[in-house]
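Numbering (my numbering), first residue to last: 19 to 322.
Pasting the structure below:
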C-alpha cells in the first residue's frame, strides 16, 4: 500500500488503541495504560503496514477456553487472529504478555477481533486473559515469564528457515525483559544460526515495574550491545510511523543473515499527560481512590 492509503488508517488505529485501553482501565479499575501510550504507534504500524497476514472473512469472536490440552483435545492458540499457518505469511509473537490488552485493542482496530470479545476480559473460562497465554487472541505461544518469548520465536524462525518458507517471524518486546540472561543467549544463537528471517521491535520506554530501567539494571548502550552480539540494529523514534514502517519494509526488501532489531525510543505517557503524576511507577494503573478515578474519567471525556 502507498503511504496515502496505510498511514491515515494507522494514525486512527493508534488513537483507537489508546482510547480503548484508557476506557477499559477506567471501567475495570485498573489496566496496563502506559504500555498503550508507549506502543500504540508500533502496534498500529505492525498491523496496518508491516505484518503479512492472511485475510479474515470477519473479525473473530473469542471463545471459551476449551480446557488443558490432552489426547483428543489439541492445544488452542490465538494464531487464527493473525491468519497464521501459511508458508508466505508471518508469525507474530508478543513477548511481554502484560501488553495483551494493547494487542486486543490493536486487533479490534485492525478488524481482526470482534470488540464484543472484551466483555469476557479476565473472566474465568475466557481466552481473553489479562496476561496473555497461547490461547488468547493474537497470541501464538505462551511467552511468560518475561524473556522467554524470544527463544520460542527463534525456534520458529529456525524451523521456517529449514523449511524454506518465505514468511518471517515478527516479534514485539519490551525493554525490561531484555535484562534477562536468556534474552542474550537467544540473540547469540539467532546470530550464530543466521536467522535473518526475524524482525524484532522493542518498546524502549525506559521504565519497568520497579521504576526506571537505569535504576534497576541499565541496558545502555543497548544498540551497541546488540550489535556486538551480531544483530542488525536500528534505533528510531518509536512514535514516528514513517520510520517504523520504513524499517519493516526495508527488512522485507533484502535478504540477510542477521536478525533485525528495531529499538523504538518511546514515551510511557505519550498522549496522556495525566500519567506523569505517577512518576516513576508507570507499569500498572490502579486507582488510589474515587477522586483519582474521577480525574481519569474527566480526562477521558476530553480525550474522545
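Every residue, glycine too, gets a C-beta built ideally from N, C-alpha and C.
Just so you know, the alpha carbons of residue 188 and residue 213 end up roughly 12 Å apart. In the DSSP assignment, residue 321 falls within the alpha helix (DSSP H) that extends over 308 to 321. Within the region 277 to 311, the runs of beta strand (DSSP E) that reach at least 3 residues and sit entirely inside it are, in chain order, 278 to 283. Rounded to the nearest whole angstrom, the C-alpha separation of residue 226 and residue 288 is 16 Å. The C-beta distance from residue 215 to residue 265 rounds to 15 Å, too long to meet the 8 Å contact threshold.
In this structure, DSSP gives residue 258 a state outside helix and strand, which the three-state scheme calls coil. Setting aside the 5 residues that flank it on each side, residue 183 is surrounded in the same chain by 105, each with a C-beta closer than 6 Å to its C-beta; the list follows chain order. Pairing residue 35 with residue 147 gives a Cβ-Cβ distance that is not under 9 Å.
The residues 111, 159 and 161, in chain order, have a CB closer than 8 Å to that of residue 170 in the same chain once the five nearest residues on each side in sequence are set aside. For residue 220, DSSP records a beta bridge to 191 and 281. The way I'd put it, the region 240 to 255 doesn't touch the region 296 to 308; fewer than three beta-carbon pairs between them come closer than 8 Å. Contact annotation: residue 248 and residue 210 have beta-carbon atoms nearer than 9 Å.
Under DSSP, residue 104 forms no beta bridge with any residue. 261 is the residue among 220, 261, 44 and 321 whose C-alpha sits nearest the C-alpha of residue 67. The C-beta distance from residue 40 to residue 297 rounds to 18 Å, too long to meet the 8 Å contact threshold. Using a Cβ distance threshold of 9 Å, residue 83 and residue 120 do not count as a contacting pair. In this structure, the beta-carbon distance from residue 251 to residue 232 does not fall below 9 Å. For the 9 Å CB-CB criterion, residue 276 and residue 190 do not form a contact. In the three-state DSSP reduction, residue 144 falls in the strand class (E or B). For residue 28 against residue 290, the beta-carbon gap comes to about 19 Å, at or over 8 Å, which does not count as contact. Non-local beta-carbon contacts of residue 234 in its own chain, meaning distances under 7 Å to residues more than five positions away in sequence, involve 226 and 228 in chain order. Taking C-alpha positions only, residue 204 is separated from residue 193 by approximately 15 Å. Residue 132 and residue 77 have their alpha carbons spaced roughly 5 Å apart.
Burial is judged here by how many other beta carbons sit within 10 angstroms of a residue's own beta carbon; residue 59 has at least 16 and is buried. Remark: C-beta atoms of residue 186 and residue 109 approach each other more closely than 9 Å. Spatial neighbours of residue 198 in its own chain (CB-CB distance under 6 Å, excluding positions within 5 residues in sequence) are listed in chain order as 165. Cβ contact annotation for residue 144 (same chain, cutoff 6 Å, sequence separation greater than five): 138, in chain order.
For residue 274, same chain residues with a beta-carbon under 7 Å away, outside a window of 5 residues either side, are 214 and 250 in chain order. The beta-bridge partner set that DSSP reports for residue 90 is empty. Each residue's CA atom was taken as its position, placing residue 107 and residue 313 some 44 Å apart.
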